[in-house]
Amino acid sequence: MRDGVTPSYLWLPEGDWPDLITFMVANYPAVTEAQWRERMARGDVVDAQGRALQPSSPYRRNLRIFYYRELEYEAPIPFEEEVLYQDEHIVVADKPHFLPTIPTGRFLKETLLVRLRARLGIEELVPIHRLDRETAGIVVFSRNLDSRGAYQSLFQQRVVQKEYEALAGPLPGRTFPFSYRSRMVQGDKFFTMKEAPGEPNSETMIDIAGQRGEHVLYRLWPHTGRQHQLRVHLAALGIPIVNDAFYPVALPCKGEDVSAPLKLLARAIGFPDPLTGEWRYFESRRSL
Numbered sequence: 001m002r003d004g005v006t007p008s009y010l011w012l013p014e015g016d017w018p019d020l021i022t023f024m025v026a027n028y029p030a031v032t033e034a035q036w037r038e039r040m041a042r043g044d045v046v047d048a049q050g051r052a053l054q055p056s057s058p059y060r061r062n063l064r065i066f067y068y069r070e071l072e073y074e075a076p077i078p079f080e081e082e083v084l085y086q087d088e089h090i091v092v093a094d095k096p097h098f099l100p101t102i103p104t105g106r107f108l109k110e111t112l113l114v115r116l117r118a119r120l121g122i123e124e125l126v127p128i129h130r131l132d133r134e135t136a137g138i139v140v141f142s143r144n145l146d147s148r149g150a151y152q153s154l155f156q157q158r159v160v161q162k163e164y165e166a167l168a169g170p171l172p173g174r175t176f177p178f179s180y181r182s183r184m185v186q187g188d189k190f191f192t193m194k195e196a197p198g199e200p201n202s203e204t205m206i207d208i209a210g211q212r213g214e215h216v217l218y219r220l221w222p223h224t225g226r227q228h229q230l231r232v233h234l235a236a237l238g239i240p241i242v243n244d245a246f247y248p249v250a251l252p253c254k255g256e257d258v259s260a261p262l263k264l265l266a267r268a269i270g271f272p273d274p275l276t277g278e279w280r281y282f283e284s285r286r287s288l
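Note that the sequence shown ends on residue 288 in full-length UniProt numbering; no numbers are left out.
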């Protein structure tokens, strides 16, 4: 692990390549040949035994290669996460808006996972669940491989209670709380979801927590965990979450603009500890 970044790896597949550099350039076009040669010269491309590989190294099927992902430029995210709790099995963090949970696309070190690995020095740290980059709030991490499966099973079995808050417009004509159900499928754009006819596969309980000027503070309990579920459901009800750039219409990417955070917060999470049976409850210190 280097500054919180753990190496990526790949197994060389069946193929006939004259040397390693030819394969890497042909199969990873986002990295130039000059960049691969520079990484290899630094000793940053190695095999499973840690031996440095060179551009002229022979191509061998099933060889396992390790390398570090690099970005030429990564925009800093000017908001800090907070560690709320940690023990020998889990770490609970309070994520700010705009910070991705894991490395993806143009984000590497400016992610919650890499920041926490660097800060805590825990290479084995992995999130048990995720929040969208735009959403703030509670994220639970596993730090112990031996107990990881037990905590992951809580989410798979849907025994974890999640509570969210969102700011949106008023919804007259409804008796609160109420349950909203719909069928969600992949949207027209690869990064969005949409509703479709058919058997519901998503459900959210919705209540009112208070008034915030012209907006209403809603309390949300998702009974299922579909991607963007809360955002899709509130938009379908005609009350899209304040500053939602995806729903009901996907707007152009705002790039590095962090002036208008999505008003959605993962307020709290509760679950029976799979090792002790104790009820665990963690609440965000952030507010919308």
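Quick reminder that beta carbons are idealized off the backbone N, C-alpha and C, glycines included.
Boundaries of the alpha helix (DSSP H) around Gln229: 229-236.
Of Gln156, Arg42, Met24, Glu33, the smallest CA-CA separation from Tyr59 is found for Met24. By the Cβ rule, the region 196-207 counts as touching the region 180-187, because three or more pairs are nearer than 8 Å. Residue state for Trp221 is assigned as strand, using DSSP reduced to three classes. In terms of CA proximity to Gly50, Tyr68 leads the group Glu38, Ala34, Gln35, Tyr68.
Around Ile90, the same chain offers Val140, Phe141, Ser142, Arg143, Tyr151 as residues with beta carbons nearer than 7 Å, after the five sequence neighbours per side are excluded. Looking at the backbone, the Cα of Ala34 and that of Thr135 are separated by about 38 Å. In the structure shown, Gly121 adopts coil according to DSSP, grouped into three states. Counting other Cβ atoms within 10 Å of its Cβ, Phe190 stays below 16 and is therefore classed as exposed.
The beta-bridge partner set that DSSP reports for His129 is empty. With contacts defined by Cβ atoms closer than 8 Å, Arg267 and Glu165 form a contacting pair. Here Ile241 is not near Leu217, since their CB atoms are 8 Å or more apart.
For Asp146, there is no enclosing beta strand (DSSP E); the residue is part of the alpha helix (DSSP H) that begins and ends at 145-156.
Contact between the region 90-99 and the region 110-121 is present, with at least three C-beta pairs closer than 8 Å. In the DSSP assignment, Phe141 falls within the beta strand (DSSP E) that extends over 136-142. According to the DSSP assignment, Val92 belongs to the beta strand (DSSP E) that extends over 90-95.
With respect to the C-alpha of Arg130, the residue from Tyr9, Gln227, Leu251, Leu171 having the closest C-alpha is Gln227. Of the other Cβ atoms in all chains shown, fewer than 16 fall within 10 Å of the Cβ of Ser287; this residue is therefore exposed.
In the structure shown, Thr22 falls within a helical segment according to DSSP collapsed to helix, strand and coil. DSSP places Ala209 within a strand segment (E or B) once states are collapsed to three. Rounded to whole angstroms, the gap between the alpha carbons of Thr22 and Tyr73 is 26 Å. Within the same chain, and ignoring the five residues on either side of Asp47 in sequence, the residues whose Cβ sits closer than 7 Å to its Cβ are Leu53, Leu63, Arg64, Ile65.
Residue state for Met40 is assigned as helix, using DSSP reduced to three classes. Comparing alpha carbon positions, the residue from Ile122, Ser56, Glu81 closest to Asp87 is Ile122. Rounded to the nearest whole angstrom, the C-alpha separation of Leu234 and Glu203 is 12 Å. In this structure Ile269 touches Ile138 by the C-beta definition: roughly 5 Å separates them, less than 8 Å.
Residues of the same chain with a CB within less than 6 Å of the CB of Leu71, apart from the 5 flanking positions on each side, are Leu108 in chain order.
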